[in-house]
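So in the working numbering, spot 302 of the sequence shown is number 398, and the numbers just go up one at a time.
Virtual Cβ for every residue (Gly too), placed ideally from N, Cα, C.
Here the structure is laid out as structure tokens; the discussion comes afterwards.
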Amino acid sequence: MKFTKHASALCLAFIAASALTACGNDSGNSHSDLPTYNGGEVTVSFWNNYAVDPTPEDSSDDYNYKAYYYMKDMIAAFNQKYPNITIKTKAYKNYPAIASDVDKGLKDGNTPSMAITYGTYAYNWEEYLLDVTVKGQEMEKDPDYIKSYLDVEKQQYGGDAYYTLPFGKSAESLMVNHEVFAAVGATAAGEQAGSYPAPVAATSKKAYAHPGTFTEMMDLARAMKTDYPEIFANQKDENNYFTAVPLCYETPENLFFTIMESEGIPYVAAIDSAKDGVLFNNERAKEAMVQLKKWNNEGLICCSDNLYLSDPSKGDHQYPSTLFAEGKCFMIIATTRGSAWMVGDGYTVDYTKLPGWKDASKVKSTSQGGSMCFFQKSNKQEEAAALLFYDFLNTADNFAKLSVSTDYCPIRASSYENEEIKANVQAAKNGVVASSSKAEKTKAYAGQVLALNQAYAENGEYFMSPVNKYSSKMRSAIKALVVNVFNDQEAKTDEAIKSLVESEFAKAYQASVK
């Protein structure tokens, strides 16, 4: 059961001839063979990326743990409906920690029934996973499931089969300071409140329009440096890390992948071959990186790893949202997950679509939020119960409860008919002002996120990068490539920038395929 276009085609041909065996994996289920629950006693282990609240009596940090409390409530409700199914969860806080324990468990047999993960991890567990293609195909026939989420889920495996299923989704958004964009002339962008120093524009300042392309976005960034000279006069500290920047694209590798998808530049394929599967080391990709470096040299754009160190002892870089709240960054591209972190005094935020790379490029946003994978078990009732719990979590109202508290977007259209979700969307339409309360902004921003994700889905603007045996290393290598190019202080001329980019691409390719 290889997750490749070649293998998927073979699987489909084989299944057409006989649906009795699994493709390339005799121990697994075929596309037509998923168990059903018979009502008996069974235990399901569920590993997720949520965080356990260490101080449940302290409500000040509840936002960080809302997903954890949501899952506790869902398990209790599920147990009322299915009293013979016991759900045991383990909250890991992040995806790499889940993957690490799964990798260990593959050796000693201690794997969960189900886990939230990403395709780059799931790929490496292929022979141990339940093939849920028939489940995905059933979901495709149900018009209530948002088709775009299903399309990109199988896209990462070559487009034919499902080895994971979509769960709570998020995306990347261009988040802009509304008051800065609206300010005209020598006026304060927002209100002096809290720690927010409302920036005052130069007399010549004109209102900014939301950009449709990266070039337009960089033109805005350049104008910001002119219109707010005091903020951007000195942009770096003694270590050459940015302390102020018009635009921060939070995740370096997502910056690269998004541009590749927007412009249709090959970078990876779901094929287990360095030659055919690792494709980013090409001239068009290098040209895009050269242009990014030129903009970076102008002080227009950086990534979170290029921001100043918030904790030098740990090597931690400052959050882009902190610079935004300090009035030292006016545009951020980051996940829509966690809009509450963008709530601050004295300003408001607009969540807008990502720009395309060029005029003729497509708008593309990476579909984020983990997928659900299911592990093969000797007790098929354990598999059946895990699938049943997945369905329970994804009912319209059940998932809406998670969505309104955490910004994870539902995969069912009917969830948007939930009264709380409708209230959030309406709050976004009504709008907020700089002096609105934190609660009002939180609600409106959540509504903006829901509407934005819905628009991405309706227009087929999501993507998930294809995975192969190299993709995990490739993701890390691309991150290092972008960070290294942006951190370089020597390459100033066209020739030097091209040489730098050529060298970093070569290193990234070798790191990917070694």
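Residue i vs residue j beta-carbon contact at 7 Å
| i | j | result |
| --- | --- | --- |
| VAL386 | LYS537 | no |
| ASP401 | VAL579 | yes |
| PHE142 | THR185 | yes |
| LEU316 | TYR324 | no |
| TYR605 | ASN335 | no |
| SER533 | MET570 | no |
| ALA278 | VAL296 | no |
| ASP503 | VAL545 | yes |
| SER435 | TYR552 | no |
| ASP147 | LYS189 | A small fix is needed here, since residue 147 is Ala in this sequence, not Asp. Yes, the Cβ-Cβ distance between ALA147 and LYS189 is below 7 Å. |
| THR216 | SER572 | no |
| VAL140 | SER209 | yes |
| VAL248 | SER511 | no |
| MET271 | TYR447 | yes |
| LYS389 | ILE593 | yes |
Same chain only: Cβ atoms within 6 Å of residue i, ignoring 5 sequence neighbours per side
| i | result |
| --- | --- |
| GLU137 | ASN180 |
| SER123 | Residue placement at SER123 cannot be trusted, given a pLDDT of 36 that sits under 50; the coordinates are not used to answer. |
| PRO293 | GLY423 |
| LYS603 | none |
| TYR161 | ALA147, ASP149 |
| THR182 | THR139 |
Beta-carbon contacts of residue i that lie in its chain and below 8 Å, excluding the five residues immediately before and after
| i | result |
| --- | --- |
| LEU130 | LEU226, VAL228, VAL230, LYS231, GLU479, ALA480, LEU483 |
| ALA218 | LEU225, TYR259, THR260, SER467, CYS469, VAL563 |
| GLN585 | ASN336 |
| GLN251 | PHE559, MET560, PRO562 |
| ALA509 | PRO239, ASP240, TYR241, ILE242 |
| TRP391 | MET314, ALA317, ILE397 |
| ASN134 | GLN477, ALA480 |
Identity of the residue in the options nearest residue i by Cα
| i | options | result |
| --- | --- | --- |
| SER266 | LYS539, GLU591, LYS575, ASN549 | ASN549 |
| CYS425 | GLY254, TYR443, ALA195 | TYR443 |
| GLY254 | ALA384, SER608, PHE559 | PHE559 |
| LYS539 | LYS575, SER501, GLU557, ASN514 | SER501 |
| ASN555 | ASP590, LYS458, MET271 | LYS458 |
| ALA282 | SER300, ASN273, GLU275, LEU270 | SER300 |
| PHE352 | THR589, SER595, ALA576, ALA587 | ALA576 |
| GLU507 | VAL374, GLY465, LYS168, GLY360 | Rather than Glu, the amino acid found at residue 507 in this sequence is Ile. Taking only the C-alpha atoms, the option nearest ILE507 is GLY465. |
| ILE327 | HIS274, LYS588, GLY395, MET235 | GLY395 |
| PRO150 | VAL140, TYR165, GLN331 | TYR165 |
| PRO645 | ASP333, ASN392, ARG433, SER463 | For residue 645 there is no data in the structure shown, the boundaries of the chain being 97 and 610. |
| VAL280 | LEU270, ALA319, ASP197 | ALA319 |
| ASN618 | GLU591, THR589, SER406, TYR541 | No information on residue 618 is available, as it lies outside the stretch 97 to 610 that the chain covers here. |
| LYS200 | THR182, ASN220, TYR214 | ASN220 |
| GLU515 | ASN392, PRO262, GLY543 | GLY543 |
| ALA547 | ASN583, SER499, PHE310 | SER499 |
| SER244 | GLU591, CYS505, ASN583 | CYS505 |
| SER358 | VAL374, ARG380, ALA370, ASP368 | ARG380 |
| ARG433 | GLY308, GLU268, ASN393 | GLU268 |
| MET612 | PHE495, LYS603, SER531, LYS610 | In this structure the chain extends from 97 to 610, so residue 612 is not present and cannot be described. |
| ILE355 | VAL374, MET167, THR311 | THR311 |
| LYS610 | VAL521, GLU383, GLU513, ALA370 | ALA370 |
| GLY308 | LYS449, ILE517, SER595, LYS473 | LYS449 |
| LEU343 | ALA298, LEU403, VAL374 | LEU403 |
Counterpart residues of residue i in DSSP-defined beta bridges
| i | result |
| --- | --- |
| CYS344 | CYS398, ILE428 |
| PHE142 | THR185, MET210 |
| LEU270 | ILE429, THR448 |
| ALA289 | TYR292 |
| PHE338 | LYS332, LEU403 |
| ASP617 | As shown, the chain starts at 97 and ends at 610. That puts residue 617 outside it, with no answer to give. |
| ALA284 | VAL296 |
| GLN464 | SER266 |
| VAL374 | VAL364 |
| TYR558 | SER461 |
| THR309 | GLY452 |
| ARG508 | TYR241 |
| LEU225 | PHE471 |
Residue-chain proximity (residue i, chain B), Cβ-Cβ < 7 Å
| i | result |
| --- | --- |
| GLY543 | Chain labels in this structure do not include chain B; a single protein chain is all it has. |
Cβ-based neighbour list, residue i, same chain, cut-off 7 Å, excluding 5 preceding and 5 following
| i | result |
| --- | --- |
| ASN145 | TYR188, LYS189, ASN190, TYR191, ILE194, ILE212, GLY466 |
| LEU246 | GLY232, MET235, GLU236, PRO262 |
For this session: Kindly confirm or deny that the segment 398-417 and the segment 598-607 touch, where touching means at least three C-beta pairs closer than 8 Å.
Result: No, because fewer than three Cβ pairs between the segment 398-417 and the segment 598-607 fall closer than 8 Å, the two stretches do not touch.
For this session: Tell me, please, whether the segment 361-373 touches the segment 560-570 by the rule of three or more beta-carbon pairs shorter than 8 Å.
Result: Three or more Cβ pairs drawn from the segment 361-373 and the segment 560-570 lie within less than 8 Å of each other, which places the two stretches in contact.
Exercise. So does the segment 417-431 actually touch the segment 335-351, counting three or more Cβ pairs closer than 8 Å?
Worked result: Look at the beta carbons and you see the segment 417-431 touching the segment 335-351: at least three pairs across the two are nearer than 8 Å.
Exercise. Okay, do the segment 485-498 and the segment 450-462 touch, 3+ Cβ pairs below 8 Å being the bar?
Worked result: Not touching, per the Cβ criterion.
Exercise. Between the segment 514-529 and the segment 289-301, are three or more C-beta pairs nearer than 8 Å?
Worked result: The segment 514-529, when compared against the segment 289-301, does not touch it at the 8 Å Cβ threshold.
For this session: Indicate whether the contact test is met: 3 or more Cβ pairs, each with one atom in the segment 424-431 and one in the segment 345-352, closer than 8 Å.
Result: Yes, since at least three Cβ pairs between the segment 424-431 and the segment 345-352 fall closer than 8 Å, the two stretches touch.
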